[in-house]
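First up is the structure itself, then whatever we jot down about it.
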Amino acid sequence: MSRELFKFKGGVHPPEHKAESNSRPIRAASLPRKLVIPLRQHIGNPAKPVVSVGDRVLKGQMIGEADGYISTAVHASSSGTVTAIGLAVVPHISGLPDECITLETDGRDEWIAHGPLEYQEMAPADLRMRLRGLGLAGLGGAVFPSAVKLDPGAAQTCPTLIINGGECEPWITCDDVLMRTHADEILQGVAIMRHLLGSTEILVGIEDNKPEAIAAMRAAADRMDFAVEVVTVPARYPGGGAKQMIETLTGKQVPSGKLSTDIGIQVFNVGTTYSLARAVHHGEPLISRLVTVTGHVLRPQNFEVLIGTPMHTLITLAGDRDGTTGVLMGGPMMGVPMPDLDVPVVKATNCILVKSNELFPPLPKALPCIRCTRCADACPAELQPQELFRFAKAGDFGRAQEYHLFDCIECGCCSYVCPSHIPLVDFYRYAKSEIWAREKDKRAADLARERHEFRQFRQEREKKEKAEKLAAKAQAKRTELAAAPGDAAAPSDADAKKALIAAALARAQARKAEVAPKNTDNLSPDTRHEIEEIEARRAKIRELARKPLESEEKT
Amino acid sequence: MPSPFILDRTSVTQVMAWVLAALLPGIAAYVWLFGPGILVTLSIATVTALAAEAAMLKTRGYPAKPFLSDLSAIVTAWLLALSLPSLAPWWLIVTGTLFAIVVAKHLYGGLGQNIFNPAMVGYAVLIVSFPVQMTHWAGPLELTTTHLSLAQSASAIFGGDVSKTTLDAVTMATPLDALRTGLLQQLTVDEVMTHPIFGHYGGIGFEWLAAAFLLGGFVLWALRIISWHVPLAFLAGVWLTAGFLHFYDAGRFGAPWFHLFAPSVMLGAFFIATDPVSGATTPRGKLIFGLGAGFLTIAIRTWGGFPDGVAFAILLMNLCVPLIDQYTQPRIYGGEKKTREPPA
Numbered sequence: 000m001s002r003e004l005f006k007f008k009g010g011v012h013p014p015e016h017k018a019e020s021n022s023r024p025i026r027a028a029s030l031p032r033k034l035v036i037p038l039r040q041h042i043g044n045p046a047k048p049v050v051s052v053g054d055r056v057l058k059g060q061m062i063g064e065a066d067g068y069i070s071t072a073v074h075a076s077s078s079g080t081v082t083a084i085g086l087a088v089v090p091h092i093s094g095l096p097d098e099c100i101t102l103e104t105d106g107r108d109e110w111i112a113h114g115p116l117e118y119q120e121m122a123p124a125d126l127r128m129r130l131r132g133l134g135l136a137g138l139g140g141a142v143f144p145s146a147v148k149l150d151p152g153a154a155q156t157c158p159t160l161i162i163n164g165g166e167c168e169p170w171i172t173c174d175d176v177l178m179r180t181h182a183d184e185i186l187q188g189v190a191i192m193r194h195l196l197g198s199t200e201i202l203v204g205i206e207d208n209k210p211e212a213i214a215a216m217r218a219a220a221d222r223m224d225f226a227v228e229v230v231t232v233p234a235r236y237p238g239g240g241a242k243q244m245i246e247t248l249t250g251k252q253v254p255s256g257k258l259s260t261d262i263g264i265q266v267f268n269v270g271t272t273y274s275l276a277r278a279v280h281h282g283e284p285l286i287s288r289l290v291t292v293t294g295h296v297l298r299p300q301n302f303e304v305l306i307g308t309p310m311h312t313l314i315t316l317a318g319d320r321d322g323t324t325g326v327l328m329g330g331p332m333m334g335v336p337m338p339d340l341d342v343p344v345v346k347a348t349n350c351i352l353v354k355s356n357e358l359f360p361p362l363p364k365a366l367p368c369i370r371c372t373r374c375a376d377a378c379p380a381e382l383q384p385q386e387l388f389r390f391a392k393a394g395d396f397g398r399a400q401e402y403h404l405f406d407c408i409e410c411g412c413c414s415y416v417c418p419s420h421i422p423l424v425d426f427y428r429y430a431k432s433e434i435w436a437r438e439k440d441k442r443a444a445d446l447a448r449e450r451h452e453f454r455q456f457r458q459e460r461e462k463k464e465k466a467e468k469l470a471a472k473a474q475a476k477r478t479e480l481a482a483a484p485g486d487a488a489a490p491s492d493a494d495a496k497k498a499l500i501a502a503a504l505a506r507a508q509a510r511k512a513e514v515a516p517k518n519t520d521n522l523s524p525d526t527r528h529e530i531e532e533i534e535a536r537r538a539k540i541r542e543l544a545r546k547p548l549e550s551e552e553k554t
Numbered sequence: 000m001p002s003p004f005i006l007d008r009t010s011v012t013q014v015m016a017w018v019l020a021a022l023l024p025g026i027a028a029y030v031w032l033f034g035p036g037i038l039v040t041l042s043i044a045t046v047t048a049l050a051a052e053a054a055m056l057k058t059r060g061y062p063a064k065p066f067l068s069d070l071s072a073i074v075t076a077w078l079l080a081l082s083l084p085s086l087a088p089w090w091l092i093v094t095g096t097l098f099a100i101v102v103a104k105h106l107y108g109g110l111g112q113n114i115f116n117p118a119m120v121g122y123a124v125l126i127v128s129f130p131v132q133m134t135h136w137a138g139p140l141e142l143t144t145t146h147l148s149l150a151q152s153a154s155a156i157f158g159g160d161v162s163k164t165t166l167d168a169v170t171m172a173t174p175l176d177a178l179r180t181g182l183l184q185q186l187t188v189d190e191v192m193t194h195p196i197f198g199h200y201g202g203i204g205f206e207w208l209a210a211a212f213l214l215g216g217f218v219l220w221a222l223r224i225i226s227w228h229v230p231l232a233f234l235a236g237v238w239l240t241a242g243f244l245h246f247y248d249a250g251r252f253g254a255p256w257f258h259l260f261a262p263s264v265m266l267g268a269f270f271i272a273t274d275p276v277s278g279a280t281t282p283r284g285k286l287i288f289g290l291g292a293g294f295l296t297i298a299i300r301t302w303g304g305f306p307d308g309v310a311f312a313i314l315l316m317n318l319c320v321p322l323i324d325q326y327t328q329p330r331i332y333g334g335e336k337k338t339r340e341p342p343a
């Protein structure tokens, strides 16, 4: 295939470490005794539980329903009994617990009744609702609800559909192995996406370090009844990022602050595509995924894992070793350290990377920035990381924002190349959370001011209305006295006014009630959780970032 | 610690070590063409710089090991030493180095914080304060009858028993000095160029020294320690300015090749103006920085009070860096085509 490829700016090429895990066949992870299924595994509103403690559930049964448009359902990954609904530790950088449904499995792995969807006969909106109910979310890392991304919106169609098989993070091979073994099903998923999005051009981008996957996908593409172009792209991190993949394949950049659909392009990860095919052709909700378990383990390989399986069981299956210094979810560039190995595998878990001092030596101490701009050369967002660092460190968040802090994708390329070994991304995370916190404070202050102004307005109006009422009453009295013997006048002006006032009061009450729940002492557990999470993250990052570079510490 | 959990192998120490390594061809050529005196100068500067760095780190309460081992003090010392006359008295070298490390580097906040290139600050202080001692340039061996050994050079530098006559026999005006003096005597460039010091492009020996610095600079570029922007723009600035003047009046203004091959331009373009700390950071900013420095170099050489202008040109451009950087912010991924409005 000779497609003109474009080069995105920046990027790095860290050691790949793919061979460790991609040579062994996929192994099904054993059924654990306990499954912990978080209600928030995706971007958007967490799912709402629809089962109670003590309920018996079947494999594939919905246990949490989507709450709103940007949300998706969660399901029981195996049959068993609900033993708890409440806070449990989840794989999140904050280390805070979140709402989860805990199941005790019965070992029978008994499926709920399910079957294929006749997707071509369904109205697109209905199909999307069904997909939301089947828990589909992006498996490439962002876990955005797929049903939302499959809505072409006002444009009616999305001309270009890109299937992302880049998998640029070192160590991770789940997409590679999936493409080698399930190419046909991936492309069946593509057919469904094409149906929903009306795409005319379908591109599959795969990095050139996965020749077997490319061959398998090309062979499968030849068997399809529509054109799919499988394109080999150069392996360079973060070439598998959606924005970078788009630029490599089309030469277009997603405008800052916009979505790729604004330029007629939608991107899905191969794992998402596969799970879509399973959902539509078999009616299977998203209850399992491929997870690479690699690093400091005896047998690095890919496992087919039920969502909710505790991570330690996978590490045991892969052969745990002495000298483990920590576990990451994801790869070494963007992965998240796990607070605890009891945390469950979630929809976002593409890799469990076990660290050791040999594989991941402790990072050297940081020196001051020498403005060498290696970070700027490596930045795929084409930012000036050295300036952002300077502003973040000085607490000059306004300037940091002017220098496009929020276009940073936190890919870690800058930190990777920094010869002073400065943890640059930490500083950007810190600056971002500070700005969010300030915006939140500002919103709260704005709200308080609005309420105060409304109260003043209301008091003013009530005063006026009272005066009018009195005047009307006096007038009525006078009329009454004037026409003493006559029968009562028809409903007077005063009555109409009264009705108006009553209505206004009711409106004011309603408005007040609407405003009230936003007050900080009456929050839903969700919001409270969100606030706690932000606060915890702030505290953590502030501590990290505010700490002078270790080398700057006084002796 | 949050992500990323892996690092590229480069370190500040490695970057500085490569800069030092890239200076070796220049130093070798220096010894070959002008005698071993420069080795004494380099040693004095190195020892002084390390001592001053250690003392300043201790005074400021910083750990000595990570900062001494980053080699940045030695880079400053070598760049200053290579800019000084090779038979300059020891106290001149010590004063310049001390000023570079103590004032220009540490009083501004240490590594990464200095707005001016420390070596050039040291040089500027010396040329302003001790103009006479700053003329003790060893002449090219090809032209001098007496050659000093390493011990004799050391002795001369430390004010030992080398006779005034011997010293006079080995020192010589640099080509830039000769040109300047000749032009002041109302000679034309062609007449001045008949002086034996002038070689093919620059001065005898000097042009080869410049070529050796150029070679080292290429190594730095090939290793991506420096980008091409600053050196190329610097050389272009020198060549265009000098070329324009030479084209305007070849009798009064030296040829562009002559100016390029005066060694200070090559040293300045590849090793000094490329100092990341005190230089511009954006690609367009680097071009402006280099062009400006090149232009100023020729302007100072031509109309200024000093024979060479590289140091002052670089210092003046250092001053402009915050402004240049602010107005040359590049377009970001997905940004609008036009450049960013400068913040209010």
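In order, the protein sequences belong to chains X and Z.
Counting in numbering that gives the first Met the number 0, the first sequence runs from 0 upward without gaps.
Counting in numbering that gives the first Met the number 0, the second sequence runs from 0 upward without gaps.
All residues carry an ideal CB built from backbone N, CA and C; glycine is no exception.
Buried/exposed call for residue i, threshold 16 Cβ in 10 Å
i, result
"X:Glu438", "exposed"
"Z:Phe66", "buried"
"X:His555", "A query on residue 555 of chain X cannot be resolved here, the shown segment of chain X reaching from 0 to 554 and no further."
"Z:Asp189", "exposed"
"X:Arg193", "buried"
"X:Asn518", "For X:Asn518, the pLDDT reaches just 48, beneath the cut-off of 50, and the residue's location in the model is therefore unreliable, although a value from the coordinates is still provided. The residue is exposed, with fewer than 16 neighbouring Cβ atoms inside 10 Å."
"X:Arg564", "Chain X is shown only over 0 to 554; residue 564 of chain X falls outside these bounds and no answer can be derived."
"X:Pro516", "Its pLDDT being 44, under 50, X:Pro516 is placed unreliably in this model, and the value from its coordinates should be taken loosely. With fewer than 16 other Cβ atoms within 10 Å, it is exposed."
"X:Tyr429", "buried"
Close Cβ partners of residue i (< 7 Å) along its chain, the five nearest in sequence each way excluded
i, result
"X:Asp376", "Gly9"
"Z:Leu259", "Leu234, Val237 and Trp238"
"Z:Gly119", "Looking at the sequence provided, one finds Met at residue 119 of chain Z rather than Gly. Closer than 7 Å at the Cβ level, and outside the excluded window around Z:Met119, lie Ile271, Ala310, Ile313 and Leu314."
"X:Val227", "Leu186, Val189, Ile201, Val203 and Ala220"
Residue i - containing alpha helix (DSSP H), residue span
i, result
"Z:Ala118", "Pro117 to Ser128"
"X:Asn268", "Taken as a continuous stretch (DSSP letters only), X:Asn268 belongs to no alpha helix (DSSP H), being part of the beta strand (DSSP E) at Ile264 to Asn268."
"X:Gly132", "Pro123 to Gly132"
N- and C-terminal bounds of the beta strand (DSSP E) containing residue i
i, result
"X:Phe5", "Segment: none, X:Phe5 is in no beta strand (DSSP E) and carries neither H nor E."
"X:Ser355", "Cys350 to Ser355"
"X:Asn163", "Thr159 to Gly164"
"X:Gln252", "From DSSP, X:Gln252 is part of no beta strand (DSSP E); its letter is neither H nor E."
"X:Asp97", "Pro96 to Thr104"
"X:Met337", "X:Met337 -> no beta strand (DSSP E), and no H or E assigned at all."
Residue i CB to nearest heavy atom of the ligand FAD below 7 Å
i, result
"Z:Ala235", "In terms of ligand content, the structure shown is empty, and the ligand FAD therefore cannot be addressed."
Own chain, CB closer than 6 Å to residue i, minus 5 neighbours either side, in chain order
i, result
"X:Glu168", "Gly330 and Met332"
"Z:Phe269", "Gly216 and Pro230"
"Z:Thr47", "Val93 and Thr96"
"Z:Val11", "Asp69"
"X:Glu19", "Thr293 and Pro299"
"X:Ser93", "Glu532, Ala535 and Arg536"
Rounded Cβ spacing between residue i and residue j (contact assumed at less than 8 Å)
i, j, result
"X:Ile84", "X:Ile100", "5 Å"
"Z:Phe98", "Z:Asn317", "That belief does not hold up - the Cβ atoms of Z:Phe98 and Z:Asn317 are roughly 16 Å apart, past 8 Å."
"X:Leu126", "X:Val56", "Rounded, the Cβ-Cβ distance is 25 Å, inconsistent with contact."
"Z:Thr306", "Z:Asp176", "Checking the sequence shown, residue 306 of chain Z turns out to be Pro, not Thr. About 5 Å; that satisfies the 8 Å criterion."
"X:Cys157", "X:Thr291", "30 Å between Cβ atoms; not a contact."
"X:Pro340", "X:Gly334", "Residue identity check: residue 340 of chain X is Leu in the sequence provided, not Pro. The Cβ separation is near 15 Å, so there is no contact."
"X:Ala146", "X:Thr71", "7 Å"
Contact set for residue i: own chain, Cβ-Cβ below 8 Å, skip 5 residues either direction
i, result
"Z:Ala16", "Leu70"
"X:Tyr236", "Gly10, Val11, His12, Pro13, Cys167, Glu168, Pro169, Met332, Cys410 and Cys412"
Item to check | Where the stretch 357 to 372 of chain X meets chain Z: residues whose CB sits under 8 Å from a CB there | outcome: Phe359, Leu362, Pro363, Lys364, Leu366, Pro367, Cys368, Ile369, Arg370, Cys371 and Thr372
Checklist entry - Using a beta-carbon distance cut-off of less than 8 Å, what residues from the stretch 318 to 332 of chain Z approach chain X? => result Hits within the stretch, in order: Asp324, Gln328, Pro329, Arg330, Ile331 and Tyr332.
Next on the checklist: Closer than 9 Å between beta carbons: that is the criterion. Which residues of the stretch 419 to 445 of chain X meet it against chain Z?
Outcome noted: Ser419, His420, Pro422, Val424, Asp425 and Arg428
Checklist entry - Listed from N- to C-terminal order along the chain, which residues in the stretch 3 to 16 of chain Z have their beta-carbon within a distance smaller than 8 Å of any beta-carbon of chain X? => result Pro3, Phe4, Ile5, Leu6, Asp7, Thr9, Ser10, Val11, Gln13 and Val14
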